[in-house]
Amino acid sequence: MTNDSFTYRYDARLAHDIEKKWQGYWADNNVFAAPNPVGDLKEPNAELLNKPKRFVQDMFPYPSGAGLHVGHPLGYISTDVFARYSRHNGFNVLHTLGYDAFGLPAEQYAIQTGTHPRETTEKNTHNMERQLGQLGLGHDKRRAIRTIDTDYYRWTQWIFLTIYNSYFDEDEEKAKPISELEKKLASRTDMTPEQKADYVDSKRLVYRTKSLVNWCPGLGTVLANEEVTADGRSERGNFPVFRKELSQWMMRITAYGDRLIDDLALLDWPEKVKSMQRNWIGRSTGAEVDFTIRCDAGAGEAGDLSGNDEVVSVYTTRPDTLFGATYMVLSPEHPLVDKLMDAEGDTPYEASTNPQWTLGKQTPAEAVDAYRLSIAAKSDLERQENKEKTGVYLGVKAVNPLSGAEVPVFISDYVLMGYGTGAIMAVPAHDTRDYEFATVFGLPIVPVLDGGNIEEEAFTEDGPHINSDFLNGLNKEDGIAAAIERLEENGTGRAKKQFKLRDWLFARQRYWGEPFPIVYDDEGRAHALPEDMLPVELPDVEDYKPVTADPNDRNSEPHPPLAKATDWVNVTIDLGDGPKHYTRDTNVMPQWAGSSWYQLRYIDPTNSERFVDIENERYWTGPQPDLYGPQDPGGVDLYVGGVEHAVLHLLYARFWHKVLFDLGFVSSKEPYRKLFNQGYIQAYAYTDKRGVYVPAAEVEEKDGKFFYQGEEVNQEYGKMGKSLKNAVSPDQVCEDFGADTLRLYEMAMGPLDMSRPWATKDVIGSHRFLQRLWRLAVNEETGEPVFTDDELTADDEKLLHRTIAGVRDDYEHLRINTVVAKLIELTNHLTKHYPGGAPRAALEPLTIMVSPIAPHIAEELWSRLGHSGGITYAPFPTFDESLLVDASVELPVQVNGKVRAHITVAVEASRTDVLAAAKEAAASQLTGKTVVKEIVVPGRLVNLVVK
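UniProt numbering puts the sequence shown at residues 1 to 947.
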């Protein structure tokens, strides 16, 4: 308010002045600068190195052009609260924020407008910094990084090369330098230099291979699975997407499958996230089984195999059901399919072939080509979940390695090349999808487990083995063991561990990403650039758009934007054997690259000699067995972010970190010791009769109905965001109430790990609490102090110490909403009992307890209480345990279940004393009656049953 009588009232105007004042103080005095043990960041605040440490981190934000809505700061405020609380408790706290600034949105904007992605990203970053800056977040800004800065992605490229120049030693189950493998091969005389180089390349943790990707000719780029809709079209542009084999960079994350699962037990993570990672990795044990496909149409009976026959391996967790395998299915993309079609595909189907198994009057090769075309636009998800089973018989049969029976070989889209070996043995009696396929194609369904009714559906439970020769009568475990033993004896199979996890496709046909530090010689062999040639910087290009093709031309080839920078692509450099011509890789790394190691650069952001000094890394993220136990893997002390990153980002970061650990570059086994997933802020959204979202801010309510521009709309509830047009800007809330009010409201809305509804009308409640707090210390009319030096009453002391104890525990466990509730209770008590101003003895600890949540007003009150140097490192108040226990307790006295009186007795009073006091208090209700039962519930009640 501007009225002179309220000059010192805590309103938005005064809040803005206070916030500006203290944010300036924090910046001028490097209040949040966390010192490192070694290097450039040892000062200021070096004395904090004698304190325990805490590393608190938010998940890497992307600087969106849309700016922030009030849902975005939820996690950032919560980590700031925890970091500030930790500083009050004597910790050296590393808390900063950078930007994951490469990515598709800026590139899309560049394509539309011709604006360089860097310009767009810079603008968005500055806006986000402005929006977050007004919230008073206690970040060490010296440590802020951006993935697009060359002194950052230089080290991203260095880590890529480090992984590229490593292999996984299966005996020791760890990464080792590729140079060790090269030394082992050096004395081999039975291999040419080219063969040695090929062998080394095949073992690298980063390798090139042909892999199936989502190719979108209409966009001219490969898409991630997340960018493809369920009906096989691009999210952007709605173009057809085809499965296409391309030579791509891959990272051998599957080598770490066991460790990625087993080490989850070491982490303080939500069990939900651990379960999601276990399921994604999908470890299973079973057998790899070899089926021999008879390629010679004139071959004799089973066992009389032609030298042209092919062996295809399948992975199964149930080798004990092999006697029920009545057909085989290959993925339509399986490389053996083309080989079979080259050899046998023009041989017409035999007259006896079931017409259901073919696509009309075609040769197998024609049928396969037609089938592949028909499924080319289907996504993996659609193929797996489609109930309508389709396929083509390849015109060949395979030999079952246990029964010796010949079984027909099909292709079908429900088998994916990216899972297992891309081939399955089909046991229709005991697998639902196989059962559906067999029913459609009229294939035999042979039960090999006793139970169920296979006339109606597959029996997918367990039972004794039947129709299985030497396995008959065995249970599941014994049957699996016996089947594997026989397969190994016959040389047709072996025990095998398998992962659902696939190797990491590590290339994108885009512009705005990290360039690969790789060049190719004229023979096409890849060469890693030496460290002194890093960074490989992105060139400027005039056109950021990939070359597009006919959207329906699945045979078109990618032509990335970087390919247009011919002067950059073609280079003459000396890699140790003289200047030669090379070409650069025109793909870029995926956006996951920069976010897979950023916590390490936060530790040592100015280091030009290495990506992180291991002494600094050991200090901030090294194992702490004395604090966390002997199995502590190390890592960031608290990592906060949304559960949507539970799998990919966290899995990729763990993989990179484990490789760096194996090679001795870091001391911690894991990047993130403790993970916390915050919920979302939700809000009402509105759709018109077309189902299109309309701006929520422009919707009017009349008589219980909702209208947009005069048309009635439907109200729904969902996550706040641009897509639902229900975003509320933090700028407006800060303008209307101040940043401390926004911080307080978001923390008070509910448990941090739960989603919660936003209601702008309720923000005023948080603002009023801060006004009551202000009035406990400051006269609103004069600005003079009103606090006193009065002693606290016994009740005041008890409530204060109980508040301190509860608030401490709540802060430590991120129950920040209940912290707010306890602070409101204490403030209301003081307001009621001290309307003219609170005693300093209560106000000082209250101000410190408020400080992590509402730091600006707390700083101002702390200063007005006569303290200098700011409140940030003021010791958090402690409590007297004796004041947490009541000396007496009030109990209701019931007579025949109805409360007739109340008594106050000592907490430790005996049952006899409690009953005596109860009978005396209820004497008028007992006159002339007999007590037939006496019930005492300690600390709760007394019930006297009378007649």
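Here a beta-carbon is modelled for each residue, glycine too, at the ideal position from N, C-alpha and C.
Identified DSSP bridge partners for residue i
i, result
"G641", "N677"
"W774", "BP columns for W774 are empty, so no partner."
"G493", "V289"
"P558", "Answer is none; P558 lacks a bridge partner."
"W504", "M251"
"A697", "Per DSSP, none; premise fails for A697."
"K53", "N92"
Residue i - DSSP class collapsed to helix/strand/coil
i, result
"F60", "coil"
"G300", "Model confidence at G300 stands at a pLDDT of 37, short of 50, so the residue's coordinates are unreliable; what they give is reported in the following sentence. In this structure, G300 counts as coil in the three-state DSSP scheme."
"V692", "coil"
"Q134", "coil"
"A921", "helix"
"P193", "helix"
"E859", "helix"
"E388", "coil"
"N124", "helix"
"D789", "coil"
"Q509", "coil"
"A821", "helix"
"Q631", "coil"
"W592", "coil"
"I466", "coil"
"S275", "helix"
"P852", "coil"
"M533", "helix"
"L538", "coil"
"Q715", "strand"
"D747", "The sequence as given places Met at residue 747; Asp does not occur at that position. Three-state result, M747: helix."
"G103", "coil"
Straight-line Cα distance separating residue j from residue i
i, j, result
"R372", "R294", "23 angstroms"
"S379", "L474", "40 angstroms"
"P845", "T872", "13 angstroms"
"E881", "L792", "17 angstroms"
"A696", "V733", "16 angstroms"
"Y680", "V396", "55 angstroms"
"T347", "D369", "15 angstroms"
"G67", "D149", "21 angstroms"
"T583", "S595", "28 angstroms"
"M849", "L600", "31 angstroms"
"V547", "V241", "16 angstroms"
"A909", "V942", "13 angstroms"
"V931", "Q894", "12 angstroms"
"D916", "A901", "Here residue 916 is Ala; the residue named in the question, Asp, does not match the sequence. Distance between the alpha carbons of A916 and A901 is about 13 angstroms."
"S275", "V519", "40 angstroms"
"S412", "T390", "6 angstroms"
"R772", "V713", "40 angstroms"
"T782", "R9", "9 angstroms"
"G32", "D140", "Rather than Gly, the amino acid found at residue 32 in this sequence is Phe. Each residue's alpha carbon lies about 5 angstroms from the other."
"N490", "N467", "20 angstroms"
"V206", "A423", "25 angstroms"
"A748", "L49", "33 angstroms"
"G869", "S863", "8 angstroms"
"residue 993", "G452", "What is shown of the chain runs 1 to 947, which leaves residue 993 out entirely."
Rounded distance between the beta-carbons of residue j and residue i, thought under 8 angstroms
i, j, result
"G360", "Y315", "Actually they are not in contact, since the Cβ atoms of G360 and Y315 sit about 33 angstroms apart, beyond 8 angstroms."
"A230", "E382", "6 angstroms"
"T326", "V446", "6 angstroms"
"I853", "R743", "6 angstroms"
"V213", "R508", "10 angstroms between Cβ atoms; not a contact."
"N570", "H559", "N570 to H559, Cβ: 16 angstroms. No contact."
Residues near residue i by beta carbon distance below 6 angstroms, same chain, minus five either side
i, result
"W512", "F102, A106, E107 and P117"
"E436", "K389"
"W22", "H856 and E859"
"P44", "N30 and A33"
Residues near residue i in its chain [Cβ-Cβ closer than 8 angstroms; skip 5 each side]
i, result
"Y708", "Y686, D688, V694, P695, E698, V699 and E700"
"K174", "F168 and D662"
"A739", "A15, E19, Q134, L135, G136 and H856"
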